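Undergrad: My questions all concern the structure below.
There are 2 protein chains.
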Amino acid sequence: MAEKNDVRCQIIEAAKKRFSHFGYAKTTMAEVAADCSMSPGNLYRFFPGKLDIAECIATQDYEKHLEVLRQLALAPGRSAADRLSDFLFAELRRTYHKLESDPRAYEMATVIAHERPEYANWMLATERKILVQLFQDVEQGGEFFIDDKETTAEMIQSATMKFRYPQLWTRLTLPRLERELEGVLQLIVNGLRREKTVRPASGAAA
Amino acid sequence: MAEKNDVRCQIIEAAKKRFSHFGYAKTTMAEVAADCSMSPGNLYRFFPGKLDIAECIATQDYEKHLEVLRQLALAPGRSAADRLSDFLFAELRRTYHKLESDPRAYEMATVIAHERPEYANWMLATERKILVQLFQDVEQGGEFFIDDKETTAEMIQSATMKFRYPQLWTRLTLPRLERELEGVLQLIVNGLRREKTVRPASGAAA
DNA sequence: AGCCTGAATGATTCGTTGATTGTTCAGGAA
DNA sequence: TTCCTGAACAATCAACGAATCATTCAGGCT
Chain A
2 MAEKNDVRCQ IIEAAKKRFS HFGYAKTTMA EVAADCSMSP GNLYRFFPGK LDIAECIATQ
62 DYEKHLEVLR QLALAPGRSA ADRLSDFLFA ELRRTYHKLE SDPRAYEMAT VIAHERPEYA
122 NWMLATERKI LVQLFQDVEQ GGEFFIDDKE TTAEMIQSAT MKFRYPQLWT RLTLPRLERE
182 LEGVLQLIVN GLRREKTVRP ASGAAA
Chain B
2 MAEKNDVRCQ IIEAAKKRFS HFGYAKTTMA EVAADCSMSP GNLYRFFPGK LDIAECIATQ
62 DYEKHLEVLR QLALAPGRSA ADRLSDFLFA ELRRTYHKLE SDPRAYEMAT VIAHERPEYA
122 NWMLATERKI LVQLFQDVEQ GGEFFIDDKE TTAEMIQSAT MKFRYPQLWT RLTLPRLERE
182 LEGVLQLIVN GLRREKTVRP ASGAAA
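From first to last, the protein sequence lines stand for chains A and B.
Here my numbering is used: position 196 in the first sequence is 197, and no number is missing along the way.
Here my numbering is used: position 188 in the second sequence is 189, and no number is missing along the way.
Structural data, given as structure tokens:
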């Protein structure tokens, strides 16, 4: 049982090295198997297929990111607006840097997105849960007025879609994207029907 | 002079028929020329290239749409929120129905978007001008508080990106997209820092 | 001269073929 | 029996010659 897991880890590590060195497409199952001193067929006792290995690697990495998001969303002592801002900026910067620094990450992302459309939905749903937690956590503060938290989280995700996998849709630089996200965020938080122009500064919770 | 324009129109009409029957890729310049009883070479006296014919067709169609958008944005007697809503919903429905009803439109859209990235930017900029006009038009009403109209228009476009060419990014149905746009719109107009929950009804201007 | 043609050009696409590779499974080792 | 191997299979991919087609331009027609 514990051994099974060791072997899985071994496969993942081998695949991780191959994928990041040569890319997903140029890595063969036979090579990964050889790196683990086993036959290609044996890999299939641990993973349904090649894509599942990639998905597993992506998920491991993503879980770490999720932990960061959770901490930002639930950071005590920060205003609701700041938490939301931190959350969305962390999201933008992570994917931007990931796709920027590692061209292989781009390949992996597109392959998974194309072959497993549900995966992106799962990620969205997971992050939505964190947003809902954020809203619950600041509910008493009186800073935000939200009746349907789930729906509101969904709408925020809709409105910030451009910043989720920026490189897939635009060729904008990170500073430019950051400025745009800042603006969209201000819109989301303050809306158009506010008093003159209140810069969305820090302290605001009761 | 006037004849030149007649020939251009003739070419456009012929190309329009071919493109919508057989698609952009499967239409040859020789065929369009034959439909106009002229040689392939002669087409180049009226258009720089094949793609420019397609662009011209797209633009003709788009100009009509722009006129509708202008009327919605500047409709007298409607609240600012309603105008903005009409504007964005018209945008969503037009592209959705266009891509839905005519599979060839999808091909044309992707070819132009891919080969002429500036074209999409030009469309965005054009619509942004209309949004700015809308904001100027309702400025006295006191319904919206906007200091930088240009930037605000840009941010609204960012936040509603998902609804601009919906089929390119998601597989959601129109009703689902409409519900999402409704939600995003409410967020944009009212923000998160509002009193309890004011349904974004009609009348609001002074 | 001013317009237009249609064959020449070269870039791109297409279809075919042969090789590669993800996946399976009959059988052998422990 | 349980675990693993590696050859076999089918699907996919790469290579490459052939064909197509957008574009050009030397020349003919008016």
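Backbone N, C-alpha and C define an ideal beta-carbon position, used for all residues, glycine too.
In this text the structure is predicted, and so the values were computed from the model without any measurement.
#1: Can you grab the Cα-Cα spacing for the pair isoleucine 113 of chain A / leucine 100 of chain A, in whole Å?
#2: Output yes or no for whether 9 Å exceeds the beta carbon distance between alanine 81 of chain A and glycine 142 of chain A.
#3: Which stretch, first to last residue, makes up the alpha helix (DSSP H) that contains lysine 51 of chain A?
#4: Could you work out which residues of chain A lie near glycine 142 of chain B, taking near to mean beta carbons separated by less than 8 Å?
#5: Is the separation between the beta-carbon of proline 118 of chain B and that of arginine 177 of chain A shorter than 9 Å?
#6: Judging by CA-CA distance, which residue of B:Phe88, B:Ala110, B:Gln11, B:Glu116 is the nearest neighbour of leucine 132 of chain B?
#7: Give the DSSP-derived three-state secondary structure of serine 159 of chain A in the structure shown.
#8: Work out the CA separation of glutamine 158 of chain B and tyrosine 120 of chain B for me, nearest whole Å.
#9: Under three-state DSSP, which class holds aspartate 148 of chain A?
#10: Taking the beta carbon of alanine 181 of chain A as the centre, do at least 16 other beta carbons fall within 10 Å, making it buried, or is it exposed?
#11: With DSSP collapsed to three states, give me the class of lysine 18 of chain B.
#12: For the segment 72 to 87 of chain A, list every residue whose C-beta sits within 7 Å of some C-beta in chain B, in sequence order.
#13: In its own chain, which residues sit with a C-beta less than 7 Å from the C-beta of serine 86 of chain B, not counting the 5 before and 5 after it?
#14: Run down chain A in chain order and give the residues with a C-beta less than 7 Å from the C-beta of valine 185 of chain B.
#15: With a threshold of 16 other CB atoms inside 10 Å of the CB of alanine 16 of chain B, please say whether the residue is buried or exposed.
#16: Can you grab the Cα-Cα spacing for the pair arginine 84 of chain A / arginine 94 of chain B, in whole Å?
#17: For leucine 44 of chain B, decide whether its Cβ has a neighbour in chain A, counting only Cβ atoms nearer than 9 Å.
#18: Please go through the same chain and pick out, in chain order, the residues whose beta-carbon is closer than 8 Å to the beta-carbon of arginine 194 of chain A, but skip the five residues on each side of it.
#19: Identify the contact partners of isoleucine 189 of chain B in chain A, using a Cβ-Cβ distance below 7 Å as the criterion.
#20: I want to see whether chain B comes within less than 9 Å of valine 8 of chain A, judged by CB atoms only; does it?
#21: Would you report the Cα separation of methionine 156 of chain B and aspartate 7 of chain B, rounded to the nearest angstrom?
#22: Applying the criterion that 16 or more other CB atoms from any shown protein chain within 10 Å of the CB defines a buried residue, is proline 41 of chain A buried or exposed?
#23: What are the boundary residues of the alpha helix (DSSP H) that includes proline 167 of chain B?
TA: Walking through what the data contain:
#1: Taking the first sequence and counting its residues from 1, one reaches residue 113 of chain A at position 112. Taking the first sequence and counting its residues from 1, one reaches residue 100 of chain A at position 99. Each residue's alpha carbon lies about 14 Å from the other.
#2: Start at 1 with the first residue of the first sequence, and residue 81 of chain A comes out as number 80. Start at 1 with the first residue of the first sequence, and residue 142 of chain A comes out as number 141. Yes.
#3: By 1-based counting over the first sequence, the position of residue 51 of chain A is 50. Residues 51 to 74.
#4: If you number the second sequence from 1, residue 142 of chain B lands on position 141. None at all; the shortest Cβ gap to chain A is about 11 Å.
#5: What you label residue 118 of chain B is simply residue 117 of the second sequence in a count that begins at 1. What you label residue 177 of chain A is simply residue 176 of the first sequence in a count that begins at 1. No, these two residues do not count as a Cβ contact at 9 Å.
#6: Taking the first residue of the second sequence as position 1, residue 132 of chain B is located at position 131. When each option's Cα is compared against that of leucine 132 of chain B, the closest is B:Phe88.
#7: Position 158 of the first sequence, counted from the start, is the residue given in the question as residue 159 of chain A. Three-state result, serine 159 of chain A: helix.
#8: As a position in the second sequence, residue 120 of chain B is number 119, starting the count at 1. As a position in the second sequence, residue 158 of chain B is number 157, starting the count at 1. Distance between the alpha carbons of tyrosine 120 of chain B and glutamine 158 of chain B is about 16 Å.
#9: For the purposes of this step, residue 148 of chain A is taken as residue 147 along the first sequence, with counting starting at 1. Looking at aspartate 148 of chain A - three-state DSSP - the assignment turns out to be coil, as it is neither helix nor strand.
#10: Numbered from 1 along the first sequence, position 180 holds the residue referred to as residue 181 of chain A. Looking at the sequence itself, residue 181 of chain A is glutamate, so the reference to alanine does not match. By the neighbour-count rule (16 or more Cβ atoms within 10 Å), glutamate 181 of chain A is buried.
#11: One-based indexing of the second sequence puts residue 18 of chain B at position 17. Residue state, collapsed to three classes: helix.
#12: none
#13: Locating residue 86 of chain B in the second sequence gives position 85, where the first residue counts as 1. If we look at serine 86 of chain B and ignore the five residues flanking it on each side, its Cβ neighbours are Leu186.
#14: Here residue 185 of chain B corresponds to residue number 184 of the second sequence, with the count starting at 1. What valine 185 of chain B touches in chain A: Met156, Ser159, Ala160.
#15: As a working note, residue 16 of chain B is residue 15 in the second sequence. Alanine 16 of chain B should be labelled buried.
#16: Locating residue 84 of chain A in the first sequence gives position 83, counting from the first residue. Locating residue 94 of chain B in the second sequence gives position 93, counting from the first residue. For arginine 84 of chain A and arginine 94 of chain B, the distance between alpha carbons rounds to 35 Å.
#17: Start at 1 with the first residue of the second sequence, and residue 44 of chain B comes out as number 43. By this cut-off, leucine 44 of chain B is not an interface position.
#18: Locating residue 194 of chain A in the first sequence gives position 193, counting from the first residue. Hits under 8 Å: none found.
#19: One-based indexing of the second sequence puts residue 189 of chain B at position 188. By Cβ distance, chain A contributes Leu188, Gly192, Leu193.
#20: Start at 1 with the first residue of the first sequence, and residue 8 of chain A comes out as number 7. Cβ-Cβ to chain B under 9 Å: no for valine 8 of chain A.
#21: Your numbering for residue 156 of chain B matches position 155 in the second sequence. Your numbering for residue 7 of chain B matches position 6 in the second sequence. Cα to Cα, the separation comes out at about 41 Å.
#22: For the purposes of this step, residue 41 of chain A is identified with residue 40 of the first sequence, where counting begins at 1. Its Cβ having fewer than 16 others within 10 Å, proline 41 of chain A is exposed.
#23: Counting from one through the second sequence, the residue named residue 167 of chain B turns up at place 166. Note, proline 167 of chain B: alpha helix (DSSP H), 167 to 170.
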